[in-house]
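Q:
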Amino acid sequence: MIYRILSAHFYIKRWLTVFNIDNGISFVIKRDNITFLYIFGSTRDNPLINNFYIKNSDLLKRFILYFNNKASQLIDACAENHIYLPKVEKTITSTTINNTLIDEIERKRFYETVNVNRYYLPSISDELYLTKKQAECAAYLIEGATAKQCAKALNISYRTVESYTNDIKEKILQTTGKRLSKDKLIHFLKGTMIHDAVFPHKLIIDK
Numbered sequence: 000m001i002y003r004i005l006s007a008h009f010y011i012k013r014w015l016t017v018f019n020i021d022n023g024i025s026f027v028i029k030r031d032n033i034t035f036l037y038i039f040g041s042t043r044d045n046p047l048i049n050n051f052y053i054k055n056s057d058l059l060k061r062f063i064l065y066f067n068n069k070a071s072q073l074i075d076a077c078a079e080n081h082i083y084l085p086k087v088e089k090t091i092t093s094t095t096i097n098n099t100l101i102d103e104i105e106r107k108r109f110y111e112t113v114n115v116n117r118y119y120l121p122s123i124s125d126e127l128y129l130t131k132k133q134a135e136c137a138a139y140l141i142e143g144a145t146a147k148q149c150a151k152a153l154n155i156s157y158r159t160v161e162s163y164t165n166d167i168k169e170k171i172l173q174t175t176g177k178r179l180s181k182d183k184l185i186h187f188l189k190g191t192m193i194h195d196a197v198f199p200h201k202l203i204i205d206k
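Numbering that gives the first Met the number 0 applies: residue 0 is where the sequence shown begins, and numbers increase by one.
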């Protein structure tokens, strides 16, 4: 959701103006009893940043994964102190999105800087996460790779891929009580936001 300050609540608009915050994007992850809101913002004189948001959303998602990993204890501590958010009055989306892309070297450097060891899935549970290797396997499986293709791409054995897949299924079973087949597992993982923010490049599946 891309936004600009239009008719926000008076007090919110006042302080956003004081601190010169505008032209932002929000990522919303909802569960039955809680909503996670991740907001990235810029300044009022920088509307072109919206082009960056749209064309490089994987970098923002990657940072969210990094934040969830690094701030997991802080997030747990804040669980008892939820914040009330007033209703958003208006949102706008850009109709003139340009190709504001980050070159591959900078993109790779960013991914390395915001290294993620635990890929939390807050849309499911505060406790549920995938390890780095499990997330890498999940990303390939979501893209349609077979276990053997996944093994070849990650330079690991087929049995290791099967082991990671079974471990993911077990984690989901323990957390949600759902026992998933491989197809349902892939559909389940597609509902999370991790698969397009695991690697800094488009996945190539060897046929």
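Positions of the beta carbon are idealized from the N, C-alpha and C atoms, including for glycine.
On a predicted model such as this, the values are computed, not experimentally measured, just so you know.
#1: Give the DSSP bridge partners of residue 129, in chain order.
#2: Taking only three categories from DSSP, how would you classify residue 164?
#3: Between which two residues does the beta strand (DSSP E) holding residue 38 run?
#4: Suppose contacts are defined by Cβ-Cβ distances below 8 angstroms. Is residue 118 in contact with residue 110 by that definition?
#5: Does the separation of the CB atoms of residue 59 and residue 26 fall below 8 angstroms?
#6: Can residue 138 and residue 202 be called in contact, C-beta distance under 8 angstroms?
#7: Take the Cβ of residue 194 as the centre, count every other Cβ of all protein chains shown within 10 Å, and call the residue buried at 16 or more, exposed below.
#8: State yes or no: is the C-beta of residue 38 within less than 8 angstroms of the C-beta of residue 23?
#9: Between the C-alpha atoms of residue 205 and residue 57, what's the straight-line distance to the nearest angstrom?
A: If we stick to the structure as given:
#1: Bridge pairing for residue 129: 118 [DSSP].
#2: When DSSP states are grouped into helix, strand and coil, residue 164 belongs to the helix group.
#3: That run of the beta strand (DSSP E) goes 34-41.
#4: In this structure, residue 118 keeps its C-beta atom at 8 angstroms or more from the C-beta atom of residue 110.
#5: Taking 8 angstroms as the Cβ cut-off, residue 59 and residue 26 qualify as a contacting pair.
#6: Residue 138 is a Cβ neighbour of residue 202, given a cutoff of 8 angstroms.
#7: Burial call: buried.
#8: Yes.
#9: Taken atom to atom, the span from the alpha-carbon of residue 205 to that of residue 57 is near 23 angstroms.
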